[in-house]
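Counting from 1, position 68 in the sequence shown corresponds to residue 72 in the working numbering; the numbering is continuous, with no gaps.
Virtual Cβ for every residue (Gly too), placed ideally from N, Cα, C.
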Amino acid sequence: MINFSLYSRQLLLFSVILLTGVDVGAQEIIQSKLNAAGFRYSVNSAVPVIDYQQNIHMLSAVNDRPSVKVYGNGRVVVHYPVYMKKSGDYEMQLSKKELVAMIRSMSNEGLMDFDEKKAKASCRLVANNAKAKGQYSAVSDVLETVVDIKLDEYQKNVLSKKITGFSKRFKWDNLEQDVVRFNNVRELVQVNRFVSYLNDMMSDTRLVKKVPR
5 MINFSLYSRQ LLLFSVILLT GVDVGAQEII QSKLNAAGFR YSVNSAVPVI
55 DYQQNIHMLS AVNDRPSVKV YGNGRVVVHY PVYMKKSGDY EMQLSKKELV
105 AMIRSMSNEG LMDFDEKKAK ASCRLVANNA KAKGQYSAVS DVLETVVDIK
155 LDEYQKNVLS KKITGFSKRF KWDNLEQDVV RFNNVRELVQ VNRFVSYLND
205 MMSDTRLVKK VPR
């Protein structure tokens, strides 16, 4: 007996491929090395591989934030909210080589296995030592940095276990100030190097503003 429901779904998928020329199941597979991460991601997924946002707590009621989204096909979408001078959406295209280097950089800088509890404990220790010496610091407003990473598979190096359906969120308040204040917390300094790269990407000369239709 023919399973018409399954047959219909397969026929629909085949029709989409024929009409659009898109391989909806296309995957990019990067093999791990002794000192380099390996990973797998969907080329045509609507879910970005990297999703970076800056959340200003003072403007938390405004659901419009600066962001960078990097997709598996290399497309980069940069968004500036309405309250910023460069408001709007901008796009550019990364090569496969650039995207692979970017993901490996995230791994090298410790984003994939960042231990928030450990890092915050190290920061508290430094802050407590400073207080004991009469040194205090405060930030008037809070800028939250959020980086979401999604890969179909991730392996830190050839000796590490492969993680299927890899998902990681890095979230930190006032990262830029804390890196200066806690410059001996190595894992925080490393992550900030990659976040600085994302910030630089927001002003990349290859970005072209999208014109609303």
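Integer Cβ distance of residue i from residue j, believed to fall under 8 Å
i	j	result
residue 156	residue 45	5 Å
residue 122	residue 150	Their Cβ separation, rounded to whole angstroms, is 19 Å, which puts residue 122 and residue 150 out of contact at 8 Å.
residue 115	residue 198	6 Å
residue 118	residue 191	6 Å
residue 33	residue 145	Incorrect: roughly 43 Å between the Cβ atoms, too far for contact.
residue 178	residue 147	6 Å
residue 110	residue 153	7 Å
residue 85	residue 70	6 Å
residue 206	residue 82	5 Å
residue 108	residue 40	6 Å
residue 127	residue 189	6 Å
residue 130	residue 186	5 Å
residue 215	residue 113	Contact doesn't hold; Cβ gap of about 35 Å is too wide.
Element boundaries [alpha helix (DSSP H), containing residue i]
i	result
residue 204	190–205
residue 80	Element bounds for residue 80: not the alpha helix (DSSP H) but the beta strand (DSSP E), 79–84.
residue 49	Segment: none, residue 49 is in no alpha helix (DSSP H) and carries neither H nor E.
residue 101	100–112
Strand pairing of residue i, partner residues [DSSP]
i	result
residue 213	94
residue 43	34 and 158
residue 56	72 and 151
residue 177	148
Boundaries of the beta strand (DSSP E) in which residue i is found, first to last residue
i	result
residue 68	Careful: residue 68 lies outside any beta strand (DSSP E) and carries neither H nor E.
Any chain B beta carbon closer than 8 Å to residue i
i	result
residue 137	In the structure shown, chain B cannot be found, because there is only a single protein chain.
| field | Sufficient close CB pairs (3 or more, under 8 Å) joining the segment 158–165 to the segment 67–77 | value | Too few Cβ pairs lie closer than 8 Å, so no.
| field | Entirely enclosed beta strand (DSSP E) segments - the segment 120–174, minimum 3 residues | value | 147–159
| request: Take every Cβ of the segment 199–211, pair it with every Cβ of the segment 81–98, and state whether three or more of those distances are shorter than 8 Å. | output: yes
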